[in-house]
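Counted from 1, the sequence shown has number 87 at position 87 by the numbering used here; the numbering is strictly sequential.
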Amino acid sequence: MKAKLLERRKPFDKSFISAIHNYPHFLNIWHYHPELELVCMVKSTGTRFVGDSILPFSEGELVLIGENVPHMWQNDKPYFEKESGLTAESITLHFRKDFAGEGSLDIPEMIQIKSLFERASQGILFTGTLKESAKEKMLAIHHAEGFQRWVGLMQLLQELSEETDFRYLSSKGFQHPKEKNGDSRIDKVYSFTFNNFHRNITLEEVADLANLNPTAFCRFFKKNTKKNYSKFLNEIRIGYACKLLLEEKMNISEIGYESGFNNLSNFNRQFKSSMGLSPTEYLAKHQP
Numbered sequence: 001m002k003a004k005l006l007e008r009r010k011p012f013d014k015s016f017i018s019a020i021h022n023y024p025h026f027l028n029i030w031h032y033h034p035e036l037e038l039v040c041m042v043k044s045t046g047t048r049f050v051g052d053s054i055l056p057f058s059e060g061e062l063v064l065i066g067e068n069v070p071h072m073w074q075n076d077k078p079y080f081e082k083e084s085g086l087t088a089e090s091i092t093l094h095f096r097k098d099f100a101g102e103g104s105l106d107i108p109e110m111i112q113i114k115s116l117f118e119r120a121s122q123g124i125l126f127t128g129t130l131k132e133s134a135k136e137k138m139l140a141i142h143h144a145e146g147f148q149r150w151v152g153l154m155q156l157l158q159e160l161s162e163e164t165d166f167r168y169l170s171s172k173g174f175q176h177p178k179e180k181n182g183d184s185r186i187d188k189v190y191s192f193t194f195n196n197f198h199r200n201i202t203l204e205e206v207a208d209l210a211n212l213n214p215t216a217f218c219r220f221f222k223k224n225t226k227k228n229y230s231k232f233l234n235e236i237r238i239g240y241a242c243k244l245l246l247e248e249k250m251n252i253s254e255i256g257y258e259s260g261f262n263n264l265s266n267f268n269r270q271f272k273s274s275m276g277l278s279p280t281e282y283l284a285k286h287q288p
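Here it is in structure tokens:
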């Protein structure tokens with residue numbers, strides 16, 4: 001699952017792109033782009049991949065993704081069945097950080113928005129009441145013309161920059177290579193891990209992808225991601241386990257094995273270390 005660079009062409013008479021999507025399911029493309037992306041999930045469920053975060057998504061969520069952060073919304077299996085009647089609907093805004101003009105982020109009045117753009121490098125999930133009004137504001141921006149369209153986005157970004165109810169999605173250590181060919185040793189390791197985290201992965205196996213011996217690979221990975229590979233792998237597995245727990249289709253033991261842990265005690269220990277709760281406590285906290 002190598003990240004693909006997606007290039008967008010904005011209309012010549014507009015400074016940013018807005019769109020309303022209504023598909024049977026979202027495209028399963030692990031991708032990145034130089035634009036920041038604000039997404040309001042109107043109607044859909046599945047798994048959200050942002051950087052090294054793998055978590056379930058549902059209707060009503062509002063997410064801001066920074067420039068060049070790889071991401072993907074993957075719908076649940078029923079969305080891909082013929083005549084399911086399900087739809088994946090969202091409102092999105094794509095904009096460059098300098099959409100307001102070159103140097104605009106350096107003026108005093110833009111300090112909070114500049115900080116928001118920097119924080120978006122981890123992906124931001126807004127959890128407060130603002131997400132409820134953001135949908136209507138994004139619709140209004142999409143249908144507006146001229147100056148009102150630009151003003152609408154600026155006002156929404158200011159509100160987002162002041163919002164305190166949010167959480168980061170991807171870890172600080174996650175770094176995506178931005179080479180033109182979209183390929184590197186780190187990129188290969190990320191792609192391999194996302195595709196194989198559910199099974200046993202040996203250090204020798206992943207080091208070979210980077211053409212390094214295990215010791216050199218550990219140094220290389222820590223230098224580039226600010227964390228060791230086992231921590232990175234466990235974070236992905238725990239994120240996937242959270243999704244399975246909320247789906248309530250498997251018992252905890254099955255979820256542990258499905259997520260790549262070879263025994264229940266190790267799964268429980270790693271889960272509590274990462275989430276601060278046991279799998280049972282996590283499930284109880286998130287049940288309606």
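Ideal Cβ positions, reconstructed from N, Cα and C, are used throughout, including at glycine. Owing to the predicted nature of the structure, the values given are computational and were not obtained by experimental measurement.
On the DSSP letters alone, give me the boundaries of the alpha helix (DSSP H) that N196 sits inside. Position 196 of the sequence shown, counting from 1, holds the residue named residue 196. Note, N196: alpha helix (DSSP H), 185-196.
Between the Cα of E7 and those of P34, S18, I124, spot the shortest distance and give me the residue it belongs to. Along the sequence shown, read from residue 1 onward, the residue named residue 7 stands at position 7. The residue with the shortest Cα to Cα distance from E7 is P34.
Ignore the nearest five residues each way along the sequence and tell me which others in D183's own chain have a CB closer than 6 Å to its CB. Looking up residue 183 in the sequence shown gives position 183. The pLDDT assigned to D183 is 46, lower than 50, so where the model puts this residue is not dependable; a value taken from the coordinates is nonetheless given after this. Answer for D183: no residue qualifies.
With a 10 Å radius around its C-beta and 16 neighbouring C-beta atoms as the bar for buried, classify A241 as buried or exposed. The count along the sequence shown starts at 1 and reaches residue 241 at position 241. By the neighbour-count rule (16 or more Cβ atoms within 10 Å), A241 is buried.
Cβ contact check for the region 150-170 and the region 128-136: 3 or more pairs under 8 Å: Counting Cβ pairs under 8 Å, three or more are found: they touch.
Excluding five sequence neighbours on each side, which residues of the same chain lie with their C-beta closer than 6 Å to the C-beta of Q74? One-based indexing of the sequence shown puts residue 74 at position 74. Excluding sequence neighbours, Q74 sits near N28, G46, T47.
For F117, collect the residues of the same chain with a Cβ closer than 6 Å to its Cβ; drop the 5 residues on either side in sequence, then sort them by chain order. Along the sequence shown, read from residue 1 onward, the residue named residue 117 stands at position 117. So the list reads K97, once near-sequence residues are dropped.
At the level of alpha carbons, what is the spacing between T92 and C40? Locating residue 92 in the sequence shown gives position 92, counting from the first residue. Locating residue 40 in the sequence shown gives position 40, counting from the first residue. Computed Cα separation, rounded: 6 Å.
Buried or exposed for N262, please, with buried defined as at least 16 other CB atoms from any protein chain shown within 10 angstroms of its CB. Along the sequence shown, read from residue 1 onward, the residue named residue 262 stands at position 262. It counts as exposed.
Helix, strand or coil for W30 per DSSP? Here residue 30 is taken as the residue at index 30 of the sequence shown, counted from 1. Of the three classes helix, strand and coil, the one that applies to W30 here is coil, per DSSP.
Would you call the region 105-114 in contact with the region 62-69, where contact means no fewer than 3 C-beta pairs closer than 8 Å? Counting Cβ pairs under 8 Å, fewer than three are found: no touch.
T215 - containing alpha helix (DSSP H), residue span: Here residue 215 corresponds to residue number 215 of the sequence shown, with the count starting at 1. 214-225 is the extent of the alpha helix (DSSP H) around T215.
If K188 and L209 are in contact, beta carbons under 8 Å, what's the gap, nearest whole angstrom? Locating residue 188 in the sequence shown gives position 188, where the first residue counts as 1. Locating residue 209 in the sequence shown gives position 209, where the first residue counts as 1. With 8 Å as the limit, K188 and L209 qualify as a contact, their Cβ atoms being about 5 Å apart.
Taking the beta strand (DSSP E) that M138 falls in, what are its first and last residues? Here the question's residue 138 lines up with position 138 in the sequence shown. Segment 130-143 is the alpha helix (DSSP H) holding M138; no beta strand (DSSP E) there.
Return the residue from the list L283, E247, I252 that minimises the CA-CA distance to D76. For the purposes of this step, residue 76 is identified with residue 76 of the sequence shown, where counting begins at 1. Taking only the C-alpha atoms, the option nearest D76 is E247.
First and last residue of the uninterrupted alpha helix (DSSP H) at Q158: Taking the sequence shown and counting its residues from 1, one reaches residue 158 at position 158. Run containing Q158: 146-162, per the alpha helix (DSSP H) assignment.
Can you tell me where the alpha helix (DSSP H) with I236 in it begins and where it stops? One-based indexing of the sequence shown puts residue 236 at position 236. That run of the alpha helix (DSSP H) goes 229-247.
Close beta carbons around H25, own chain, < 7 Å, minus the five adjacent residues each side: Taking the first residue of the sequence shown as 1, we reach residue 25 at position 25. For H25, where only same-chain residues beyond five positions count, the Cβ hits under 7 Å are N75, Y79, F80, A88.
Assign Y23 to one of two classes, buried (16 or more other C-beta atoms within 10 Å of its C-beta) or exposed (fewer than that). Taking the sequence shown and counting its residues from 1, one reaches residue 23 at position 23. By the C-beta density criterion, Y23 is exposed, having fewer than 16 other C-beta atoms within 10 angstroms.
Where does K4 sit, in a helix, a strand or coil, going by DSSP? Position 4 of the sequence shown holds residue 4. The answer is strand: DSSP assigns K4 an E or B state.
Can you have a look at N213 and say buried or exposed, based on whether 16 or more other CB atoms are within 10 angstroms of its CB? Walking along the sequence shown from the start, residue 213 turns up at place 213. N213 should be labelled exposed.
For V69, does the three-state DSSP call read helix, strand or coil? Stepping through the sequence shown from its first residue, residue 69 is reached at position 69. DSSP places V69 in coil when its eight states are reduced to three.
According to DSSP, is E179 part of a helix, a strand, or is it coil? Residue 179 sits at position 179 when you count from the first residue of the sequence shown. Confidence at E179 is low in this model, with a pLDDT of 45, below 50, so the placement of that residue should be treated as unreliable; the coordinate-derived value is given next. In this structure, E179 counts as coil in the three-state DSSP scheme.
Between which two residues does the beta strand (DSSP E) holding S18 run? Along the sequence shown, one-based indexing puts residue 18 at 18. Going by DSSP, S18 is part of the beta strand (DSSP E) stretching over 17-23.
Determine the DSSP secondary structure at A100, reduced to helix, strand or coil. What you label residue 100 is simply residue 100 of the sequence shown in a count that begins at 1. For A100, the three-state secondary structure derived from DSSP is coil.
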